[in-house]
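Participant: Under our numbering, the first residue of the sequence shown carries the number 22, and numbering increases by one thereafter.
Note that beta-carbon positions come from the ideal geometry of N, C-alpha and C, so glycine has one too.
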Amino acid sequence: MEQRQRGSQAAGRQAGAAIGIRRATAADLPSLARVLADAFAAYPWTQWSIPAEEYDARLEELQLQYLGHALEHGRICVESNLRAVAAFLPPDAPQPSEALQQRVGELHGDRLGRLLRASLPPGPEGAWTLATVGVSPESQGAGLGSAVVRAGLAAIDALSAPVALETSSKDNVRLYRRLGFAVDATTHIPEGPTVYSMSRPAATGHGEMGSDQPRSGSRDA
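1) Check whether the Cβ atoms of VAL204 and VAL194 sit closer than 8 Å, and answer yes or no.
2) Alpha carbon to alpha carbon, what distance is there between GLN68 and HIS135?
3) Would you kindly work out how many angstroms separate the C-alpha atoms of LEU141 and THR208, rounded to a whole number?
4) Let me know if THR225 comes out buried or exposed under the rule of 16 or more other beta-carbons within 10 Å of its beta-carbon.
5) Exposed or buried, THR46, counting other C-beta atoms within 10 Å across all chains shown (16 or more means buried)?
6) DSSP three-state label for GLY95, please.
7) Is the beta carbon of LEU121 closer than 8 Å to that of HIS90?
8) According to the neighbour-count rule (16 or more other Cβ atoms, all chains shown, within 10 Å of its Cβ), is ALA126 buried or exposed?
9) So who's on the other strand from HIS209, going by DSSP bridges?
10) Rounded to whole angstroms, what is the Cα-Cα separation between LEU249 and ALA152?
In structure tokens:
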């Protein structure tokens with residue numbers, strides 16, 4: 022799940038020319054977890070799924086745990102000054118280890134049951150997952166979020182694979198549509214957030230995406 026503020030498309034393109042993007046390292050993870058905790062502080066999904074008690078500390082550790090998994094099994098793109106991060110997981114990524122799952126359960130505390138009961142539709146077959154995106158609050162609106170996402174998408178396009186994501190922010194839906202994603206399903210969780218499941222088709226020759234026209238069987242509610 023993801024959150025960031027955005028400026029105009031023109032401003033984002035101008036900023037993007039000067040934005041340095043690289044792969045994350047293990048040494049980056051604590052700083053990136055802090056970035057994500059700040060970015061997700063008011064995010065509907067995290068507020069619903071994490072207890073209010075020690076909310077910030079729980080959120081930061083959850084981000085650190087998931088980033089460690091993504092670093093080992095996927096791809097993490099960061100802005101060179103660690104102001105923005107996007108993590109992607111491949112379709113063959115293993116499930117988190119038993120120890121990681123246990124710790125995640127502890128961090129969700131009494132919210133774990135509602136989290137496990139939430140049912141969301143699967144993404145397209147063979148899709149990578151855009152697992153998380155975040156930008157430091159003081160750096161939002163400069164196009165950094167779009168830049169780190171585009172870097173990851175470019176690498177996945179070279180593999181001709183689709184990409185899926187889930188977000189509980191309508192603002193994010195508008196951003197992802199500009200990046201080639203479309204809403205496949207909308208899930209209204211009882212007494213919880215609304216989750217938008219989105220996907221972006223695989224690139225088809227010459228680095229171009231497949232058709233972004235509405236797909237048959239769309240489950241957009």
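Facilitator: On the basis of the supplied data:
1) yes
2) Rather than His, the amino acid found at residue 135 in this sequence is Arg. Approximately 12 Å, taken between the alpha carbons.
3) 7 Å
4) exposed
5) exposed
6) coil
7) yes
8) Position check: residue 126 holds Gly in this sequence, whereas Ala was assumed. Classification for GLY126: exposed.
9) THR215
10) With the chain running from 22 to 242 in the structure shown, residue 249 is simply not present.
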